[in-house]
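Enquirer:
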Ligand code: 1CP
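In this note's numbering, the protein residues as written are -4 to 364.
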């Protein structure tokens, strides 16, 4: 499949894109994971009578919900309103997003036959998403980026194998370790779906993409490298020629930052547990070791993160202090040459009970730092 570059609009002075490529942004860019959705009353209003996964296939709703936080908070990017399980749903996998719980798969994958039977997704099945992206691009201004995304194969596999959200991911790990061959077969089934989902968004014109490997932090580095990294690397390579920033994110990945950076993104998302300057040193050391003789500049990536989402409940004084700390840690990493730029974000998604007023205030503080 060719990526159609003709649909891509020309952004002008978009702070997120400038930060991702190591240019000087006009202000410190910020967006928040899960900025669209449950924290906003206007979201709860439009979603009142419509199931989550139904809303993801309605271009009008997709555009409205994606734009809500951009209008309200003046963030520098919109994140497409969708979910990591959307390509599975589009392909016909029997699953639903259960309110208060998350994705639930009717028939969890357990044996070779189940994995064989996993359908592939065709770009046509994602047409409503592409249509929604077209509507969003018509509403954003030329310095606001639209970020597309997909779930990484490990995180998607966890939902497919466990059958729903999991505390320990034990069935998923059991499959890896008891039947590595079958695990790799599953990864080889999921990876093309992720690539199709991302390419559909890229063809429709998104300005950047993020790969969410939310649950990768449950793995040892050894297992991550053996069972996951090859597939995430394949995904980043498959979308490299789109020429847009590629972001890689997971939670609890302090020990995996270097390995995840080796998958090939321009930007590494970091959760709140590791200070950004320490994260940058780890990333750079791993990339330098993995690519001996590489231009030292190429081993410094941009950083995304990493305010603890709970700080949005801690009052304005604590909020300002923590934002300043995060910014100064990022600036130190850049000054030392260990990072090329900083995109402000939370260390994970906005919590549902967050006061939207505090999110708006956070954006103002970040833009003045
Ligand atoms: O009824 C509702 O409102 C459902 C809540 C909800 C929403 C708003 C879910 C169910 N998904 C979403 C949208 C969503 N999901 C977005 C777009 C909105 C935005 O970011 O602003 C994105 C990027 C996702 C991605 C996603 N879904 C991830 C990766 C990000 C992360 O938070 O780590 C994951 C792990 C999912 C699975 C999922 N979908 C929904 C829930 C509650 C969950 C997590 C469940 C669990 O803990 O396993």
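Ideal Cβ positions, reconstructed from N, Cα and C, are used throughout, including at glycine.
Residue 348: buried (16+ other C-beta within 10 angstroms of its C-beta) or exposed?
Expert: Mapped onto the chain shown, residue 348 falls at position 353. That one is exposed.
Enquirer: Helix, strand or coil: which one does DSSP assign to residue 104?
Expert: Numbered from 1 along the chain shown, position 109 holds the residue referred to as residue 104. In the structure shown, the three-state DSSP call for residue 104 is coil.
Enquirer: Once DSSP output is grouped into helix, strand and coil, what is the label at residue 205?
Expert: The residue you call residue 205 lines up with position 210 of the chain shown. Reduced to three states, the DSSP call for residue 205 is strand.
Enquirer: Could you have a look at residue 87 and say whether DSSP puts it in helix, strand or coil?
Expert: As a working mapping, residue 87 is identified with position 92 in the chain shown. Residue 87 falls in the coil class under three-state DSSP.
Enquirer: Residue 193 lies in the alpha helix (DSSP H); which residues open and close that run?
Expert: Within the chain shown, residue 193 is the residue found at index 198, counting from 1. Looking at the DSSP string, the run of the alpha helix (DSSP H) that includes residue 193 is 175 to 199.
Enquirer: Name the residue from 208, 13, 56 whose alpha carbon lies nearest to the alpha carbon of residue 32.
Expert: The count along the chain shown starts at 1 and reaches residue 32 at position 37. Looking at the Cα atoms, 56 is the closest of the given residues.
Enquirer: Taking all protein chains shown into account, decide if residue 363 is buried (16 or more other Cβ within 10 angstroms of its Cβ) or exposed.
Expert: For the purposes of this step, residue 363 is taken as residue 368 along the chain shown, with counting starting at 1. Counting Cβ neighbours within 10 Å, residue 363 comes out exposed, since fewer than 16 surround it.
Enquirer: Measuring CA to CA, which of 198, 92, 88 is closest to residue 112?
Expert: Taking the first residue of the chain shown as position 1, residue 112 is located at position 117. When only C-alpha atoms are compared, the closest one is 88.
Enquirer: I need the boundaries of the beta strand (DSSP E) containing residue 377, first residue and last residue.
Expert: Nothing about residue 377 can be reported from this structure: the residues present for the chain run from -4 to 364 only.
Enquirer: Thinking residue 278 and residue 253 are a contact (beta carbons under 8 Å), I'd like their distance in whole angstroms, please.
Expert: By one-based count along the chain shown, residue 278 stands at place 283. By one-based count along the chain shown, residue 253 stands at place 258. Yes, they are in contact, since the Cβ atoms of residue 278 and residue 253 sit about 6 Å apart, within 8 Å.
Enquirer: Taking only the alpha-carbon atoms, compute the straight-line gap between residue 131 and residue 250 and give it to the nearest angstrom.
Expert: Position 136 of the chain shown, counting from 1, holds the residue named residue 131. Position 255 of the chain shown, counting from 1, holds the residue named residue 250. In a straight line, the C-alpha of residue 131 is about 37 Å away from that of residue 250.
Enquirer: By Cβ distance, which residues of its chain are closer than 6 Å to residue 208, with the 5 residues on each side in sequence left out?
Expert: For the purposes of this step, residue 208 is identified with residue 213 of the chain shown, where counting begins at 1. Cβ within range, chain order: 147, 149, 150, 245.
Enquirer: Leaving aside the five residues before and after residue 267 along the sequence, list all residues of the same chain whose C-beta is less than 8 Å from its C-beta, in chain order.
Expert: Residue numbering aside, residue 267 sits at position 272 when the chain shown is read from its first letter. Contacts found: 300, 301, 302, 303, 304, 341, 342, 343.
Enquirer: Which word fits residue 106, buried or exposed, when buried means at least 16 other C-beta atoms lie within 10 angstroms of its C-beta?
Expert: In the chain shown, residue 106 corresponds to position 111, counting from 1. Under this definition residue 106 is an exposed residue.
Enquirer: Measure the alpha-carbon distance for residue 234 versus residue 77 and round it to whole angstroms.
Expert: Against the chain shown, residue 234 aligns to sequence position 239. Against the chain shown, residue 77 aligns to sequence position 82. Their Cα atoms are separated by approximately 19 Å.
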